[in-house]
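K.L.:
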Amino acid sequence: MSSQSFLLDDLHQLVDALAAALDAKSSYTLGHSERVADLALLLARRIGLTEMDQQLIHIGAHLHDIGKIGVPDEVLNKPGRLTDEQFSMIKQHPVIGYHIVSKVSWFGGISGIVRHHHERFDGKGYPDGLAGTNIPLGARIVAVADAFDAMIAPRIYRKSFSPPEVLTEIIRCTGSQFDPAVVEALLAELNNESSWRNFNKLTMLG
């Protein structure tokens, strides 16, 4: 086995440990990061990124919410609408996560994914108000995967959206919230029968 393979194995073990710590803090995040990571990997492959970039996006997606470790439990697990003050706390998690992963030199390639996965294509997102291609591609990919899983999963205060409802919303937000090229990759992936079966499995739709 090559030294690069050993390094990737070590990275994945560290990622699994960090993700487990987040899952232990919030029932909402249980399984969410893994599903987002697997969908982001499918989209990265569909777009045609290199194997190394695919791996970085997979790892970055797995850790995209790691900053929620720094959000108070009563805010993170609140079973209803957040107050403005509580939402401001939630909005800090990309920056908190960025500082966490930036402490690990191996995570240099994923820090932008963690920090910028809530940016919007039109520049109205957070934390830095980046727009268009100024947002790292990995973050643009994770934004779509994250939104899909967030809508497809049920919450205490609402039922899950159906797949057609989720796709309708994502298409509606194309060009404003989401990168059109990434949405195009999502639609192409869903039009592939074998990919659709895999997609159903990893998002727990089927």
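Residue 1370, in this note's numbering, is where the sequence shown stops; the numbers in between run on with no holes.
All C-beta atoms, glycine included, are put in the ideal place defined by N, C-alpha and C.
As the structure is a computational prediction, the values presented were derived from the model and not from experiment.
Assuming contact is defined by CB atoms lying nearer than 8 Å, are Val-1265 and His-1281 in contact in what I supplied?
P.N.:
Here residue 1265 refers to the residue found at position 101 when the sequence shown is read from its first residue. Here residue 1281 refers to the residue found at position 117 when the sequence shown is read from its first residue. Cβ atoms of Val-1265 and His-1281: not closer than 8 Å.
K.L.:
Tell me Phe-1342's beta-bridge partners as DSSP assigns them.
P.N.:
As a position in the sequence shown, residue 1342 is number 178, starting the count at 1. Bridge partners of Phe-1342: Thr-1338.
K.L.:
In terms of residue numbering, what span does the alpha helix (DSSP H) encompassing Val-1278 cover?
P.N.:
The residue given as residue 1278 occupies position 114 in the sequence shown. Taken as a continuous stretch (DSSP letters only), the alpha helix (DSSP H) holding Val-1278 covers 1275 to 1280.
K.L.:
Locate the alpha helix (DSSP H) running through Pro-1258, then write down its first and last residues.
P.N.:
Against the sequence shown, residue 1258 aligns to sequence position 94. Counting along the chain, the alpha helix (DSSP H) containing Pro-1258 begins and ends at 1257 to 1265.
K.L.:
Taking the Cβ atom as the reference point for each residue, do Val-1278 and Met-1253 lie within a distance shorter than 8 Å?
P.N.:
Here residue 1278 corresponds to residue number 114 of the sequence shown, with the count starting at 1. Here residue 1253 corresponds to residue number 89 of the sequence shown, with the count starting at 1. Contact flag unset, no.
K.L.:
Return the Cβ separation of Val-1179 and Ile-1221 in integer angstroms, given the expectation that the two are a contact with Cβ distance under 8 Å.
P.N.:
Taking the first residue of the sequence shown as position 1, residue 1179 is located at position 15. Taking the first residue of the sequence shown as position 1, residue 1221 is located at position 57. With 8 Å as the limit, Val-1179 and Ile-1221 do not qualify as a contact, their Cβ atoms being about 12 Å apart.
K.L.:
Looking at the unbroken alpha helix (DSSP H) that takes in Glu-1249, where does it start and where does it end?
P.N.:
Translated into the one-based positions of the sequence shown, residue 1249 becomes position 85. Glu-1249 -> alpha helix (DSSP H) spans 1248 to 1254.
K.L.:
Take His-1176 as the anchor and find which of Ala-1188, His-1196, Leu-1227 has the nearest alpha-carbon.
P.N.:
Here residue 1176 corresponds to residue number 12 of the sequence shown, with the count starting at 1. Measuring from the Cα of His-1176, the nearest candidate turns out to be Leu-1227.
K.L.:
CB-CB under 6 Å to Ile-1299, same chain, minus the five flanking residues each way: which ones, in chain order?
P.N.:
Counting from 1 along the sequence shown, the entry for residue 1299 is found at position 135. Result list for Ile-1299: His-1280, Glu-1283, in chain order.
K.L.:
According to DSSP, simplified to helix, strand and coil, what is Gly-1370?
P.N.:
One-based indexing of the sequence shown puts residue 1370 at position 206. Note that Gly-1370 has pLDDT 40, beneath the 50 cutoff, so the model's placement of it is unreliable and no number is given.
K.L.:
Ala-1129: which of Pro-1327, Asp-1237, Ala-1311 sits nearest, CA to CA?
P.N.:
The structure shown does not extend to residue 1129, since the chain spans only 1165 to 1370, so no value can be given for it.
K.L.:
Please state if the CB of Leu-1207 and the CB of Ala-1314 are separated by a distance shorter than 8 Å.
P.N.:
Along the sequence shown, read from residue 1 onward, the residue named residue 1314 stands at position 150. Along the sequence shown, read from residue 1 onward, the residue named residue 1207 stands at position 43. No, these two residues do not count as a Cβ contact at 8 Å.
K.L.:
Can you tell me whether Ala-1183 is buried or exposed? The criterion is at least 16 other CB atoms within 10 Å of its CB, across all chains shown.
P.N.:
Translated into the one-based positions of the sequence shown, residue 1183 becomes position 19. Per the 10 Å Cβ criterion, buried.
K.L.:
Would you tell me roughly how many angstroms separate the C-alpha atoms of Glu-1353 and Arg-1210, rounded to the nearest one?
P.N.:
As a working mapping, residue 1353 is identified with position 189 in the sequence shown. As a working mapping, residue 1210 is identified with position 46 in the sequence shown. Answer to the nearest angstrom: the Cα atoms are 7 Å apart.
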